[in-house]
Structures are given as C-alpha cells and as structure tokens.
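> Can you read through this structure? Questions will come right after.
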Amino acid sequence: MVKFQNKGKHEPLLPIGQKGKLKDIPYTVVGFLVNKEKNFKYYWREYMLFNAVHGYAFLSEYDGHWNYFTLISDFARSTSSINDPCHYMGREFRLFHKYGTEVVFAQGEFFWKIYEDKSRQIEYISPPYMLARSISAEEQTWMLGEYLEPEEIQQAFALEAEMPQQYDVGSIEPFSQDFSIKKVGKMAGIAAAIVCVLQVLFFSFHQNKVLLEEQYSLPSDSYIQPLPPVSSSVVEVTSTLGGGSSLEMELYAPVNNSWLSAGVSLMNTQTGKEYYIEIGVEYYSGTSEGENWSEGSPRTSEILSAIPAGKYQVLIQPFRESGTYGSNTPTWFSLTIRNDVPIWSNFLVCLLFLGAIPLVQGIRAYSFERSRWMSSDYSPYAQE
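Numbering (my numbering) for the sequence shown: 1126 to 1509.
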C-alpha cells in the first residue's frame, strides 16, 4: 500500500475518510487522483473507495458526469480484435475510446504504483454501462462502470457542497431512463389503441340521422343576381352523449366549369340564436397540351359541431357564378343535413399527435447520441 500527499490546488469533493453508501454497499474514500490523458489536455478526477467485504471500487468524475466502477472477473473477451464490440450482461458494448493516462495529483492510499503505471485504457460503452479494460505488460483487468446522477453521489455521501456543473453529454449518460424511445413508443401505441376503441364506441352510438334532404330550383338565367333566398323546413336537432350535436351539411350542384355556394343559417325557433356556415362546390375541366385535366367536385360537405338540441328554421342563401351559359349554368342544387355524425378529424389529429411523440423523441435521441459520440474517434456517425 502506497501513501501519497501531493501539494497543489486540487481539492477533492469527497475528502479522504468520507463515508457513504452506493448500491447498498458502505464505502470509505481512501484515495483521490487527478488524471490527465497523455498527449491531450483532458483532466478527470477519480476517487478510490473501499469496503472490507466487497473490496475496492472507483468513482470517476469528468465535466460533472459521474461513473461508478467495480472490478469484474466473470468476463472473458471472445474476439481478438480490440476494435470489435464486447458482449456482457446480454448487452453489446461498442469501442468508445483508447488512451494512456498520467497522474498529475494524488492523495490517499493506493494498492499500485500510480506514477509508474504505464497501462493503456480501452473503453467500451452501452449506456448507462461501460466496460473498461486496463492493459499493462504484466496483466489486464476489466471493470464495469455505471452512470450515476450527481444527486445520487450527493445523497450517498451526504454532501452539502455544490456539485460540479455538467457539460455536454457524458460518455455513458443515458438519454432518458424515464422516457426512452421504446417506452414512449409503447405508451403512444397503447394510447392510440385506446383512442381507436373509443372512436369505434362513439361511432356505434352516433345517430347519423337525416334531418333534411331537399332539392332547390334556381332561375335558368345566369345573369339574375343576387339569387333569391330559400326558406326550408324546420328541423329538430336531438342531443347526444356529449350534450351538443354535430351536423353534417352536404351540398351538391351540377356545376360544369362554374361554381355554386350556399350560406346555410340555422335559427333556433325558441332562443333565436343563429348558427351559420358557408359551403360551396366548383368543378372545372379542359384540355391542355393534348391532355385532359379537371379539378374540384360537384359535391362537398362541412361539419357544424356542438349544436344544442332544439328546433331550427333552415334558411339558405345561394350564390353562383354569373355570365355562364347553357349547360354550364347550375339550375338546381340539393342540401342534405345529417344529425349526430361522427367527426373523424379529431380522431385523425389525435393519432397524428400520438405518432409525432415517439418521432420527436427519436429525433432528440439521435441528436443526443451524435453529441455523445463527438468525443470519440470511433463514432458510428462519422460518415454522415
């Protein structure tokens, strides 16, 4: 056992002799190191922990990110190439970093000659875990590392001092343990299934009852403007499970290279409250450069939602294109009103929203992983 007490400006956050409990194991801090990567100005801090039963463990802190390491003896590498992935605990660990170290500060007791240590470190990651391989002329050792949040360290050692500020993404920092892509996708899938079941149930309860289905004649002279309003019959809107009812207005007119629209007003015969919607159709066709084309449709529909139950006078003000001749002039139109129709737009918007959640989370995870691997010479994103 070698003791060190260097003078310098490096003050350990966990003082020598500090006691704490990690993973239900009581530890005592027996050593503190400040390491530097050879040929580069990257520094990190390590704390050596000791338990009389479980032996030594290590805490490593770099840029505010903490990793907890324990020695393992049940791992044997099955491939000869250092660059190949490792497999342990049913996980694949990918090569992240290879480097040599220099000790620039030491305090406490250590079981190896730290200043004579010329071993090379190789790190494989599978967040939130790391396999760290130390190779020297005499031996090689493996350690299993696990990412810990700063709050866990602070609570484990009852620290009152402010924890080091975190920068960038830690080498094995997990993207999100509470809202991983797999978990978010599963939750979104369950929610989408529930929405589908509810939509089917609501659909089965909808009346989809025809309240009005009438055809209205118009003057054949297309220059008559404005067209006279049309007073239709009184319709009765019935209540639904939600209270108000959704009404579908379907308009049809034999338009041909012309248009027709109608302002439909529903006036409650008891309260006098009016609900208004404008609906229109248009259809145009022709030939361009030897090819036939068409756009629009002579039929369309619109939804009036949350209409209270009651009796309503239907008033219609038609409009049509002026100056059309012959068959291009629509001389009639029909209006159909259906009570309590299912509204599919809300259902589709809900599904799109649920589908967007795992998509956004996936984009965030991708960006997170790219940021992590920017610190590695072996990034899988290097070719992108």
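All C-beta atoms, glycine included, are put in the ideal place defined by N, C-alpha and C.
Mapping DSSP to helix, strand and coil, what is E1361?
Of the three classes helix, strand and coil, the one that applies to E1361 here is strand, per DSSP.
> What is the C-beta distance between P1353 and V1380, in whole angstroms, given that I count them as a contact (C-beta under 8 Å)?
Not really, about 19 Å apart at Cβ, beyond 8 Å.
> What does the Cβ neighbour count give for N1192, buried or exposed, with the cut at 16 atoms within 10 Å?
Its Cβ being crowded by 16 or more others within 10 Å, N1192 is buried.
> Under 8 Å between the Cβ atoms of T1266 and Q1246?
No, the Cβ-Cβ distance between T1266 and Q1246 is not below 8 Å.
> Rounding to the nearest angstrom, what Cα-Cα distance links W1418 and V1335 in this structure?
Distance between the alpha carbons of W1418 and V1335: 35 Å.
> Kindly indicate which residue of G1480, P1253, M1392 and N1453 has the alpha-carbon position closest to the one of R1497.
For the residues G1480, P1253, M1392 and N1453, the minimum Cα distance to R1497 belongs to P1253.
> Just tell me which of E1234, V1355 and F1330 has its CA closest to the CA of D1465.
Nearest of E1234, V1355 and F1330 to D1465, Cα basis: F1330.
> If you run the structure through DSSP and keep just helix, strand and coil, what is Y1213?
Note: Y1213 maps to strand in three-state DSSP.
> For Y1224, which of K1166, Y1348 and E1361 has the nearest alpha-carbon?
The option with the nearest alpha carbon to Y1224 is K1166.
> Quick check on the burial criterion: 16 or more other C-beta atoms within 10 angstroms. Buried or exposed for F1194?
F1194 should be labelled buried.
> Quick check on V1439: does DSSP put it in helix, strand or coil?
Correct three-state label for V1439: strand.
> Can the beta-carbon of G1233 be found closer than 8 Å to that of I1141?
Yes.
> Compare the Cα-Cα distances from E1248 to each of L1284, I1278, Q1279 and P1210 and report the closest residue.
The candidate whose alpha carbon is nearest that of E1248 is P1210.
> Starting from the C-beta of T1242, find all residues in its chain whose C-beta is less than 8 Å away, skip the five residues before and the five after it, and write them out in chain order.
First, the amino acid is wrong: residue 1242 is Asp here, not Thr. Same-chain partners within the cutoff: T1226, V1228 and S1261.
> Taking the alpha helix (DSSP H) that Y1491 falls in, what are its first and last residues?
Element bounds for Y1491: W1469 to W1498.
> In three-state DSSP terms, what is I1349?
If DSSP states are grouped into helix, strand and coil, I1349 belongs with coil.
> Below 8 Å on the Cβ atoms is my guess for G1421 versus Y1408; work out the distance and round it to an integer in Å.
About 4 Å separates the two Cβ atoms, so the contact holds.
> Looking only at C-alpha atoms, which of S1371, E1338 and E1298 sits nearest to S1500?
Cα-wise, what sits closest to S1500 is E1298.
> When you compare the region 1175–1182 with the region 1147–1155, are there three or more beta-carbon pairs, one atom per stretch, that lie closer than 8 Å?
Because the criterion of three Cβ pairs below 8 Å is met, the region 1175–1182 and the region 1147–1155 touch.
> Answer yes or no: do V1359 and T1394 have a C-beta to C-beta separation smaller than 8 Å?
Contact: yes.
> Bridge partners for V1228 per DSSP, in chain order?
DSSP output for V1228 lists N1160 as bridge partner(s).
> How big is the Cα-Cα spacing for P1455 and S1345?
Each residue's alpha carbon lies about 8 Å from the other.
> Look at the alpha carbon of I1197 and the alpha carbon of A1318, and state the distance between them as a whole number of angstroms.
Answer to the nearest angstrom: the Cα atoms are 44 Å apart.
> Which residues bound the beta strand (DSSP E) around S1342?
S1342 -> beta strand (DSSP E) spans K1334 to S1342.
> What are the boundary residues of the alpha helix (DSSP H) that F1165 is part of?
F1165 -> no alpha helix (DSSP H), and no H or E assigned at all.
> How many whole angstroms separate the CB atoms of F1282 and Q1143, which I take to be in contact at a CB cut-off of 8 Å?
With a Cβ gap of about 6 Å, F1282 and Q1143 count as contacting.
> May I ask you to report which of helix, strand or coil DSSP gives S1447?
S1447 falls in the coil class under three-state DSSP.
> To the nearest whole angstrom, what separates the beta carbons of F1458 and Y1341, a pair I think is in contact under 8 Å?
Confirmed, about 6 Å.
> Would you tell me roughly how many angstroms separate the C-alpha atoms of V1485 and I1315, rounded to the nearest one?
So the two alpha carbons sit approximately 17 Å from each other.
> Shortest alpha-carbon distance to L1184 belongs to which of F1221, A1257, F1200 and I1207?
The shortest C-alpha separation from L1184 is found at A1257.
> If I measure Cβ to Cβ from K1132 and keep anything under 7 Å in the same chain, skipping five residues before and after, which residues do I get?
Confidence in K1132 is poor, its pLDDT being 47 and thus under 50, which makes the residue's placement unreliable; the coordinate value appears in the next sentence. Nothing meets the Cβ criterion.
> Roughly how many whole angstroms lie between the Cα atoms of I1488 and L1139?
Taking the straight line from one Cα to the other gives about 38 Å.
> Keeping to the same chain, check which residues put their C-beta closer than 6 Å to that of F1444; ignore five residues upstream and five downstream.
Here the set comprises S1386.
> Which value, in whole angstroms, describes the spacing of the CA atoms of H1190 and G1215?
So the alpha carbons of these two residues sit roughly 25 Å apart.
> Around the C-beta of L1429, are 16 or more other C-beta atoms found within 10 angstroms, so that it is buried, or is it exposed?
With 16 or more other Cβ atoms within 10 Å, it is buried.
> Would you say S1516 and M1255 are within 8 Å of each other, going by their C-beta atoms?
The requested residue 1516 is not part of the displayed model; the chain covers only 1126 to 1509.
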